[in-house]
Structure formats: C-alpha cells, structure tokens
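Enquirer: Structure below; questions to follow.
Numbering (UniProt numbering), first residue to last: 1 to 795.
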C-alpha cells in the first residue's frame, strides 16, 4: 500500500522505464533516474507512515534515534525529504533519501539507501500474501500480518515441495507420538493418540523446539497426568507454550507436541521410551515451531517490532502479464547485530533442527522459514541467509532422501572420496553438538541419538556410540583441542567454566567415543579427507542402550610405549586446579596465545609434546618442571598430545597407530602439502590398562606425531619459524613472536639445547612411501624405536 505521493512517484518511474514485452529478469528493464521532494515536513512524512504507506514508513524510520532527537526534533519545521530512484550503478535500481533544509537547501542528513531491487516477484500468491501482510496488524511477530506469511510458507512447502516430505520407507505416514496436545475448540488437553485419534482422522501435528530456561515451566508428571488429560488452563502455561499454541491454531492445525507436557518427566521408563522415538517426532511433524530467541519459557515466541519495516514491497510494471519488481527494505529497525539466538546454543536442539523437514523460526524481530527446498525471512521471503550450516543441510538431505547416505554416486576425484566427504559432515555435526550447552551431561549420547537413528535408516554403516562402523578409524580421531577453533556465538553454548569434571560420574560410552568426555571435541576437519588407515579393525561391538552404552573395539596395529608430561587444554578444568603451570590459557578468540613456558623453553602444544621412552627418574608424580632437566627423561617430540583426562607422567602409555598421511608445509609459502615424498603425520590413540581384564585398555588421549616422529625420525626443518622451541625472551607479553637476531640464531645452533628428541634427518634418509589401508612395514622405523604389532582391546 502506497500513499498518493509514493504512487505518483512510482508512476513517473514506471512510465519512463523502457520495458520489453517479455521480462525475464530485472536486467531486461532500462530504468530512469528520478528525483523529487517527497514531503515538505517530517510531520507530513509521519502522517503518511502512520497510514500504512510502506515506502514512507521505511523513509521515516531511516534516521537513527539520535538523528531524530537532535537533527529532526521539530517535526513541523520546513524540511525537504528528497527521494531518489537510481539505477546508474547497475541494472538493479535503489531508492535513496536525503533530508535538506528547505530555506538554505543545505543537507541535514546525507543521502542513504532505503531499498534496493531484489529481482522479479513472479509468484502471484506471494505477491497477494505480501499485500495482505502490509495492511494487516503487524506490530508483533505473532500478529496476523506475520502469521499470514507463515501460512504461505507452510502451504507452499506442504503441497509443492516433494523433497521436504519424509520418505515412506521411514513409516512417516503411520507414526504418531504417544501423546499430543489437542488445542481445538479453544481448549488445551493432553490426549493419548492411540485411543483418541481415529484412523481416518487428520493426523498432522506441529512440534515445538524451545529452551526450558531457568524459570520453571509446566511439566507432565505422574501426579498431574490425569488432570492434564482433562484439560490445561492457558494461565498454567508458559508464555512460549501459549504463543506456540496460538500459532498452531492460526495455521489451521489441531495438535501440537511439546516435550515437557507430552512425556512424563518423572517416569524413567516413559522418558526412555519417548526419547527413543524423538527422531520420528520431529521428522514426521508437519512443522516445527522454533522459539529461537527465547532463553526460557517466560520470554515467549513473539517479539514486538514494526513488521512493515521488514517486509519487501513491489512495483508493478504495465506489461501483459503484469511484471512485479521486488524491493528489499533497508529501513532502520531496532534489531542490532549479535550472536546466534539462545535456542541454537542448546545441544538437544541440534537434532530438532536437523530432523525437522520444516521450521518456522521466531528469531527476534523477524519470523523465518527453513525447509530443504527453501529458506526465507520476512525481509526476503524466498531467499536470504540461513542459520543452517552446509553440513547440517547435507545431513538433513541424507535423512530425507531414500538412498544410501554415504553413496556419492559417480563423483570422485583423485584426492578425495565422496563417501568420506559425507562422513566429514558428520564430524562437523559432532563438533557443533559438543560445543552446545547441555544441562545434564548424562544426556550426551541420547540427545544426538535421534539423528544417528534417522541417518542409520539410510546407510548400511552401523551407528556405534556416536561413530559409524565403515568410518570407524576416522571417527576415533577426535580430541579436546588446546585452542578455540570451532567458534559459536550463542550465549547458551557450552560453558567450560562450569564443567568441573571431564569424565562422566558413570561411564556413558566406550572411552574411544567422544561421548565419554563432557567437554567440546574437535576433529582435524581440514585433514579428514587425506587420512589413510594403518591399522586393522577386527571387531567393534556396542550395547544397544539409548543413553548409556558399553563398547569393545579390537584393533590390530603398530604399538609403541612411552611416557607423556601432558599439556592440558583449558577445557579440562581439573588440570587448571591441579597443574596450572601445565594448562593453557582460557580461550579468548585470539589464536596462538596458548604458548607454554616450560624449563626456559617456549613452545605451542600444537607443535610439540613432552615425551620419554623410559620412566621418569623423579620420585614425584607431580607433572612439574623437575621432570625435565637438560639431561632428563622428557624431551620434545614434534606433534601434539591432547589428553582426555589427567594423566600421571609416571604412567606408562601404550600408543597404537590408527591413521597417517603425507603432510608437510612448503618452506617458502607455508602452504600444506600432501605429496608422496612429504613427511608422514601419524595419528595414534593413547591408552592405559583398565586394570579389570588382562590386555584390556581404555583411551586417555590422542597423540599426533608430525614429520615422521612416530617412526623415530625428524624429516623437517628445525629452522621453520612457526615451529621452533625458543627462550621466553623471544615472546612478548601478548604472545607475539619477536624477530630473532643473528646472535640468537648462533646461540641456538651452537650453545643451547632445544631438547628435541630426534635429530634432523637428511633428505632421503627415511623412505616416505607406503601402501594405504595396511599396516606399515616394520623396517620403516628407526633402529632405536621399540615397536611391535599387536591386537589391542579398547573399551
């Protein structure tokens, strides 16, 4: 809807435009330049804005609050509001506005863009919907103007998007949750679906994704179950629940599933049974409503705002059939930049995001839509940005497509396998999931089980305690990183400071599973595609428990023994209390500050670890500097040791090699290289005996041996600037490296022991060739390295 002045302005523009008979894109149109004094006072502009003129509303809200209070405080002052239409910078024109003093013609507020062309609007139904949205009440994301667009998205997807329908092989058409809330006829009642929904009745239901928060919310328990079956008064519900029910009704659905009300929260048997069907609940819901911005039930789904400022508008051109050109608003809103919404920082919500074929997202001042076919917002109804990352989209597609997930068709390059690329997406999901907040660490397995179960229906690979059987070796190579790499920005993300114990009170998963620790984990995502197995997985068995699993892995591989004086990630909070001098600094968002000062030697724990092949001579079990002397046991090995827990330096560790790759850095460019003659990087599990069964081990860390260190060689340069052991004087307080003088280099070369275990190997001194997917030849090892081939059992 436009006022008389805007209609006149647009008519002059469209009349002067050169428009061909058939318009296929905005680039086919030759637009004119047009400029006019639109309003003579701010009062006139505001009056047009208040009468729902879309363009005037955007223009009126363009100045900031400060500009309005200081430069435009007299609304009756003669002031020229100058509107521009300009396509001189390309085929996509823009609207701009400038505020000028009427008397002197001097600029009060300089020209700024208020709307830009975003393409043709070819969907007649969307155009009609946008028009209804612009004239309907829209002061909240729960008003009719907003939910009109939500209804359009839902209808379009349900009826037109075949890709967004669950495959029939998943029995999607037959599944109903055990209980639903019936919200028809103005009432709210908990029903048992098997008894109260007829076979021929409409079985469509909506699901809710929300944060429980710190304020207690209504729950169904044994004591109030019968009462909830009779009915629930609206005032008993949280604000989020009331608004989700309102949305469900406005969209024309009768049933909604809410976890706290549809599961008996104090009945472990019922909770376990319902948790096992969680993947079907979200996958088979016609729609999931996400209260994304709300950290708790007291906040609600809806937010007050001016919806007209978010909606695009369109200009009609006199063609047959009519051509509509859409413009996206850039009017100033109260929305400010920030991190991800609260909901997306919660671990349980990841499976709700991935399993739901359709999501209606209440994301602060806008509602948004995401399905497999389309994503949109009020600003860009059928395009724009999405909060789903690439890996989430691929996992969602794998769950919805009725084909083998790890089958990449015929697409395969000389360097990467398409199936392994698919597995890389799973590794990203694990990293995403473990970096999210979780109230109860005992839910570590079960909160992701829905995705594992759903994806497991589309692959022959078996889901085993968070890993996939066909990619088990790569799945083993998780670690607790020394530095912050996987960055997430929701306030509800995993809180390292509050995570007092790195291991669960009771074992939830095998020690080789990432679920066995409570902290965020990482995979070396940039290296996943180039690993080669150098071990043999003989057997992997896992119990079938949903929230607690025991497992056993038999692996044949090359084994070494030694001792490690571990450097601990900040995420292992017990280490920060026990071994503060051996724990890296807290994550600050600045990489590289995790350098350690040990025995007058500075190094980064991603570059070296302290290793000895013989037991420490000191009688103390404390991981202190006394364990390292110039002629002591521990020396530096190139690579990284990433512990899973506290490790006594006097505890002998058994290392089993799992995978390796050619990995080197070009001296001139520092770019990573994977050529056949490059040095070997070996990934091994660090194990200790369980003490329960002879020959049985458990994992305590991941050891990465760089530049052939696993084989007892150093096939790299000691002079590489970003991988040297240096005296503390070479580092500033901020952790920055300062330039090394010629004298420093001479002293380093002739008068100072850097305590590296292996001497630099001359070129050609160690053969780097190997066959993938088989154990290396024992002859590849240095004569001083004690290595053996064994079968180990890891639990």
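Think of the CB as a built atom: it goes at the ideal place given N, C-alpha and C, for glycine as much as any other residue. The model shown is predicted, which means the values in this text are computed figures rather than measured ones.
Use the C-beta contact count for residue 27: other C-beta atoms within 10 angstroms, 16 or more gives buried, fewer gives exposed.
Expert: The residue in question, residue 27, is exposed, as its Cβ has fewer than 16 Cβ neighbours within 10 Å.
Enquirer: Please classify residue 549: does DSSP put it in a helix, a strand, or coil?
Expert: DSSP places residue 549 in coil when its eight states are reduced to three.
Enquirer: Between which two residues does the alpha helix (DSSP H) carrying residue 160 extend?
Expert: Here the alpha helix (DSSP H) through residue 160 covers 144-160.
Enquirer: Would you mind listing the alpha helix (DSSP H) stretches within the segment 509-569 that are 4+ residues and don't spill past its ends, in chain order?
Expert: You should have found no qualifying run.
Enquirer: Which two residues bound the contiguous beta strand (DSSP E) that contains residue 593?
Expert: From DSSP, residue 593 is part of no beta strand (DSSP E); its letter is neither H nor E.
Enquirer: Does the separation of the CB atoms of residue 697 and residue 792 fall below 8 Å?
Expert: Yes, these two residues count as a Cβ contact at 8 Å.
Enquirer: For residue 164, does the three-state DSSP call read helix, strand or coil?
Expert: In this structure, residue 164 counts as helix in the three-state DSSP scheme.
Enquirer: What would DSSP say about residue 690, mapped onto helix, strand or coil?
Expert: Reduced to three states, the DSSP call for residue 690 is coil.
Enquirer: In whole angstroms, what separates the C-alpha of residue 459 from that of residue 465?
Expert: Spanning the two alpha carbons is a distance of roughly 16 Å.
Enquirer: Could you give the distance in angstroms between the alpha-carbon of residue 570 and the alpha-carbon of residue 584?
Expert: Cα-Cα distance, rounded: 6 Å.
Enquirer: Taking the C-alpha atoms as reference points, what is the distance between residue 218 and residue 343?
Expert: Taking the straight line from one Cα to the other gives about 19 Å.
Enquirer: Would you list the one or two residues that DSSP bridges to residue 36?
Expert: BP columns for residue 36 point to 83.
Enquirer: DSSP three-state call for residue 9: helix, strand or coil?
Expert: Correct three-state label for residue 9: helix.
Enquirer: What does residue 681 pair with, by DSSP beta-bridge criteria?
Expert: Paired residues: 661.
Enquirer: Could you give the first and the last residue of the continuous alpha helix (DSSP H) run that contains residue 66?
Expert: Per DSSP, residue 66 belongs to the alpha helix (DSSP H) from 65-70.
Enquirer: In angstroms with no decimal places, state the Cα-to-Cα distance between residue 207 and residue 251.
Expert: Their backbone Cα atoms lie some 13 Å apart in a straight line.
Enquirer: What number of angstroms, rounded off, separates the C-alpha of residue 354 from the C-alpha of residue 547?
Expert: About 20 Å.
Enquirer: Counting only the same chain and skipping the five closest in sequence on each side, list residues whose C-beta sits under 6 Å from that of residue 419.
Expert: Same-chain partners within the cutoff: 406 and 408.
Enquirer: Cα separation between residue 53 and residue 3?
Expert: Their backbone Cα atoms lie some 5 Å apart in a straight line.
Enquirer: Measuring straight from C-alpha to C-alpha, what distance separates residue 286 and residue 138?
Expert: Those two C-alpha atoms are separated by around 25 Å.
Enquirer: Thinking just about the alpha-carbon of each residue, which of 214, 271, 536 and 248 is nearest to the one in residue 182?
Expert: Minimum Cα distance to residue 182 is reached at 248.
Enquirer: Could you check if residue 628 is buried or exposed, using at least 16 other CB atoms within 10 Å of its CB as the buried criterion?
Expert: Low local confidence applies: a pLDDT of 42 at residue 628 is under 50, so the model's placement there is unreliable, with the coordinate-based value given in what follows. Residue 628 comes out buried.
Enquirer: Just tell me which of 324, 359 and 297 has its CA closest to the CA of residue 289.
Expert: The option with the nearest alpha carbon to residue 289 is 359.
Enquirer: According to the neighbour-count rule (16 or more other Cβ atoms, all chains shown, within 10 Å of its Cβ), is residue 233 buried or exposed?
Expert: Exposed.
Enquirer: Between the Cα of residue 482 and those of 257, 605, 36 and 46, spot the shortest distance and give me the residue it belongs to.
Expert: Cα-wise, what sits closest to residue 482 is 605.
Enquirer: Taking the C-alpha atoms as reference points, what is the distance between residue 626 and residue 564?
Expert: Because the pLDDT of residue 626 is 43, which lies under 50, any placement of that residue in the model is unreliable, and the number read from its coordinates should be weighed accordingly. Rounded to whole angstroms, residue 626 to residue 564 spans 14 Å at the Cα level.
Enquirer: Near residue 383, what residues of its chain come up, given a Cβ to Cβ distance below 7 Å and the 5 sequence neighbours on each side ignored?
Expert: Result list for residue 383: 376, in chain order.
Enquirer: By how many angstroms is the C-alpha of residue 362 removed from the C-alpha of residue 172?
Expert: Reliability fails at residue 172, whose pLDDT of 48 lies under 50, so the model's placement of it is uncertain and no value is given.
Enquirer: Measure the C-alpha to C-alpha separation of residue 734 and residue 595 and round it to an integer number of angstroms.
Expert: Any answer about residue 734 is weak, because its pLDDT of 46 lies below 50 and its placement is not dependable; what the coordinates show is given next. Between residue 734 and residue 595, the C-alpha separation is close to 10 Å.
Enquirer: For residue 13 and residue 32, which I take to be in contact (beta-carbon distance under 8 Å), what is that distance rounded to the nearest angstrom?
Expert: Between residue 32 and residue 13 the Cβ distance is about 6 Å, and since that is below 8 Å, they are a contact.
Enquirer: Do you know offhand how far residue 765's Cα is from residue 695's?
Expert: C-alpha separation (whole angstroms): 36 Å.
Enquirer: Residues bridged to residue 649 by DSSP?
Expert: Paired residue(s): none; residue 649 is not in a bridge.
Enquirer: So, at 7 Å on beta carbons, what are the nonlocal neighbours of residue 243 in its own chain, with the 5 sequence-adjacent residues on each side left out?
Expert: If we look at residue 243 and ignore the five residues flanking it on each side, its Cβ neighbours are 142, 300, 301 and 302.
Enquirer: Would a C-beta distance cut-off of 8 Å place residue 611 and residue 562 closer than the cut-off?
Expert: In contact: residue 611 and residue 562 (Cβ atoms closer than 8 Å).
Enquirer: Could you say which of 374, 396, 295 and 394 lies nearest to residue 490 if we only look at CA atoms?
Expert: It is 295.
Enquirer: Please state the DSSP three-state secondary structure of residue 643.
Expert: Residue 643: strand per DSSP, three-state reduction.
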